[in-house]
Structure formats: structure tokens, C-alpha cells
Amino acid sequence: MRYADTKKVLVTGGAGFLGSHLCERLLAQGHEVLCVDNFFTGTRLNVAHLIGEPRFELMRHDVTFPLYVEVDEIYNLACPASPVHYQFDPVQTTKTSVHGAINVLGLAKRLKAKVLQASTSEVYGDPEVHPQPEEYWGRVNPIGYRSCYDEGKRCAETLFFDYHRQHALEIKVVRIFNTYGPRMHPNDGRVVSNLVVQALTGADITLYGDGRQTRSFCYVDDLVEGLIRMMETGPEVTGPINVGNPGEFTIRELAEQVIALTGSRSRIVHRPLPPDDPRQRRPDIAKARAVLGWEPAVPLREGLTRTIGYFRDFLDRTP
Ligand code: NAD
Ligand code: UDP
Ligand code: UDP
5 MRYADTKKVL
15 VTGGAGFLGS
25 HLCERLLAQG
35 HEVLCVDNFF
45 TGTRLNVAHL
55 IGEPRFELMR
65 HDVTFPLYVE
75 VDEIYNLACP
85 ASPVHYQFDP
95 VQTTKTSVHG
105 AINVLGLAKR
115 LKAKVLQAST
125 SEVYGDPEVH
135 PQPEEYWGRV
145 NPIGYRSCYD
155 EGKRCAETLF
165 FDYHRQHALE
175 IKVVRIFNTY
185 GPRMHPNDGR
195 VVSNLVVQAL
205 TGADITLYGD
215 GRQTRSFCYV
225 DDLVEGLIRM
235 METGPEVTGP
245 INVGNPGEFT
255 IRELAEQVIA
265 LTGSRSRIVH
275 RPLPPDDPRQ
285 RRPDIAKARA
295 VLGWEPAVPL
305 REGLTRTIGY
315 FRDFLDRTP
């Protein structure tokens, strides 16, 4: 039996880093959660603690294929997020974003369900407007190594807005900025997991380029809170809306914080900057503040401390 105010919620990509935290939070709110994942970058281990919970169901499925299930709300997170993973099979990355969006939107249309898209700050590309407000259209290379991800996500946004206009679908588009925390893949190539694992294992800390490029890092709990608040808005709120932490740091500053917090003796080494690597990135979160009453609560130092604790345990358990 379900309580009147609980819902059946589909989370695609639910066995990934962000998805697993979202599933956890939705279950804690009393909802039923259907987690759909093809385990490309996510793993059963990320949701192992939820298996056995009667309101949680895990389903292996690739969102590039149609999906016929019955749910009230949909969070579409399925897509590899780390440059190393999304460039491994770039054609599949575009298919996941574009065919995945079509299937999820078709599903939402049939069910008249609300549907939220996990979009990305990468839709702004290498931006010449700083910080980035939602009105900025971005500067994206359509034919580069990052394009499968950036353009795939841009096309997914287009599909969301066309289904909204053409089929009156209730959509929510959230542009997520760099997010970090426990359950990041230990070797997925993203900067926080790379640096923390390198610092904890005494390996060289790899700074790409001169390390003066900037990013703004949001702790996962803050991000999940933003997604849930967005889903709870009325039909007039479609987004796109930036969700991220406006605190901006150079990658060198990040490396120095990680070294200080771990007490590591690792040395910093430089590696070539990957092609099309954005020079700077910081969200303008005025809309999230006004519309969602949301802003991040966890400062970088605290979030890094929690993340380091997670990776310390993880490395102890994993030979
Ligand atoms: P992740 O790689 O940990 O999670 C993605 C999940 O999607 C994985 O579990 C993966 O197995 C699954 N997946 C991939 N392709 C699939 C397919 N075809 N069918 C079904 N499942 C599939 O990454 P994450 O950081 O948790 O990112 C989640 C979402 O948030 C992604 O859509 C990503 O683009 C978006 N996002 C994340 C960040 C960030 O900093 N973490 C920033 C911007 C946007
Ligand atoms: N779809 C799905 N589950 C559903 C309904 C639709 O996966 O419950 C898929 C279906 O395969 C279709 C896509 O979503 O290709 C788009 O659906 P839509 O109704 O918009 O288009 P159509 O079915 O007319 O192609
Ligand atoms: N980066 C780095 N060392 C690493 C991994 C990444 O200096 O070991 C840099 C990367 O070049 C980029 C920034 O850190 O400028 C963030 O990279 P990430 O892959 O985490 O995210 P994205 O580039 O998609 O924002």
C-alpha cells in the first residue's frame, strides 16, 4: 500500500554517482523508487545498501531503447559524465542523451508524468560570459572531442522544450555544474576523484595545463536538494536553471587544498591540457535562489573532508 502523498519515481542512471544519492533521498522521503541503469559507469555497489528495501527496485536497461513502466515522476540522469568515460564511446554518448531523451519524453507523455532532465554547465562550452546565467547561449565546438556530450545534452534540452511546447509536457531542466562527493568513480578521470585518490595513495597529483583554469565545485547533498526542489515546483517552472556552487577555484588551489586536508606528500606534476578544456566556469545562481529558495550549504573544505573520508575507506576495502 502507498501513502497518498508518496509517488513512484523513476531515476534513470540511478546506480551512478548522483543517481544513487538521489535514490537514497527519495526513499528517505517515503517514495517508491525505480532505478534504471545499464551499469556503464554506475555499479550495483552504489545502491547495494538500498537493495532489500521494499520500495526500491533496480532494473538493468539501456535508455537508448524504449522503456514501458508506470511511474508518477521521472529524473533523467542516465549519461556518463566524466570526459574519460563519455569519450570512450562517443557515438553511444550522443545516443544516450538524444535517444534516451526521446524515450524518456515519450514515456512521460504517455503517463502525463513530470520529467526532469539532468543537463549540464557544458551547454555553455568554453564561455565568454562569466559567471554563466541561464540566458547565455554558450560557446560550444560542435565537432570536437567533448561535443558528443555537450551537443548531446544541448539537443536533449531542445527535445525537452519541444515536447513541452508541442505536447504540453511538464518539464524541468536543471543545468548541473561540477559536483563531487562520495561514490564518485575512483578512476573516472574527474578532477576531485583523481586528486583525492592520488593524494591518498602518494601518487603524483596531475594538473592539466598550468592549473589556472577554474571550476566551481558543488557537494552532492546540495545538488540533490536542488534537483528535488526543482521537481517540486509548479508547471510554470520549466527552467533551464543553474544548480551549482558559485565558489570558484583554480585547479591548482583545489590541488593545494586536497594536499593540505590529506597531509599527503604527493608532488604536483603537469600534464597537457585536454582539447577544448573550458578556461573558467562559475554558475550564476540568482534564479535558483529566487525560484527554488536554494543555495549550497556545504563549503568546499567540508565537502572535500567528507569525500576524502569516503575514498580513504574505499581504498582500505579495495586492494
Ligand atoms: P555517473 O557516470 O556516475 O552516472 C551516470 C549513470 O548513467 C551511470 O550509472 C551509468 O551507468 C548510467 N548510464 C549511462 N548510459 C546509460 C544508458 N544508455 N542507459 C542507462 N543508464 C546509463 O555520472 P554522474 O556524475 O552521476 O552524472 C549523472 C547525470 O548528471 C548525468 O546525466 C550527467 O551528465 C549529469 N551531470 C553531472 C555532473 C557532475 O559534476 N557530476 C555535472 C553536470 C551534469
Ligand atoms: N516510449 C517509451 N515508453 C513509453 C512511450 C514511448 O519508451 O511508454 C518511446 C517510444 O519508443 C517512442 C519514443 O518514446 O519512440 C517517443 O514517443 P512519442 O510518443 O513522442 O513518439 P512516437 O511514439 O510517436 O514515435
Ligand atoms: N583536471 C586536472 N587534473 C586531473 C583531472 C582534471 O587538472 O587529474 C582538470 C581538467 O583539465 C579540467 C578540470 O580539472 O580543467 C575539471 O575537470 P573534470 O574532468 O573534473 O570536469 P570538466 O572538465 O568536465 O569540468
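Each residue of the sequence shown is one higher than the last, beginning at 5 in the numbering used here.
Where a beta carbon is used, it is the ideal one built from N, C-alpha and C, also for glycine.
- The Cβ atoms of Arg158 and Val178 do not sit closer than 9 angstroms to each other.
- Close CB contacts of Asp154 within its chain, under the 7 angstroms cut and outside five residues either way in sequence, are with Glu126, Val127, Gly129, Val144 (chain order).
- When DSSP assignments are scanned along the stretch 95-154, the uninterrupted stretches of beta strand (DSSP E) that are 3 or more residues long and fall wholly within it turn out to be 118-124.
- Taking C-beta separations shorter than 6 angstroms and ignoring five residues to either side along the sequence, the partners of Asp66 in its chain run Asn42, following chain order.
- In this structure, the straight-line span from the alpha carbon of Val102 to that of Arg269 is close to 44 angstroms.
- Beta-bridge pairing by DSSP links Lys12 to Glu36.
- Proximity of the stretch 155-175 to the stretch 109-128 meets the contact definition, three or more beta-carbon pairs being nearer than 8 angstroms.
- The beta carbon of Gln96 sits closer than 8 angstroms to at least one heavy atom of ligand 1.
- In this structure, Arg275 keeps its C-beta atom at 9 angstroms or more from the C-beta atom of Leu227.
- For Ile175, the beta-bridge partners assigned by DSSP are Val119.
- Put simply, the stretch 47-65 does not touch the stretch 205-224. Fewer than three CB pairs are less than 8 angstroms apart.
- Measuring C-alpha to C-alpha distances from Gly243 to each of Lys176, Ala112, Tyr79, Cys27 identifies Lys176 as the nearest.
- Residues of the same chain with a CB within less than 6 angstroms of the CB of Ser24, apart from the 5 flanking positions on each side, are Asn50, Val51, Arg187 in chain order.
- At a Cβ-Cβ threshold of 9 angstroms, Tyr223 and Pro300 count as neighbours.
- Taken in chain order, the complete beta strand (DSSP E) segments of 3 residues or longer contained in the stretch 243-296 are 245-247, 252-254, 272-275.
- Secondary structure of Glu306 (DSSP, three-state): helix.
- Looking at the DSSP output, Glu61 sits in a beta bridge with Leu38.
- Taking a C-beta distance under 9 angstroms as the contact criterion, Leu38 and Lys12 qualify as a contact pair.
- With a contact defined as Cβ atoms closer than 8 angstroms, Ala292 and Trp298 qualify at about 5 angstroms.
- At a Cβ-Cβ threshold of 9 angstroms, Thr183 and Phe44 do not count as neighbours.
- Spatial neighbours of Glu132 in its own chain (CB-CB distance under 7 angstroms, excluding positions within 5 residues in sequence) are listed in chain order as Arg143.
- In the displayed model, Cys222 falls within a strand according to three-state DSSP.
- By a beta-carbon distance limit of 8 angstroms, Phe221 does not contact Leu296. Their separation comes to about 19 angstroms.
- Three or more beta-carbon pairs separated by less than 8 angstroms are not found between the stretch 103-116 and the stretch 244-261, which leaves the two stretches without contact.
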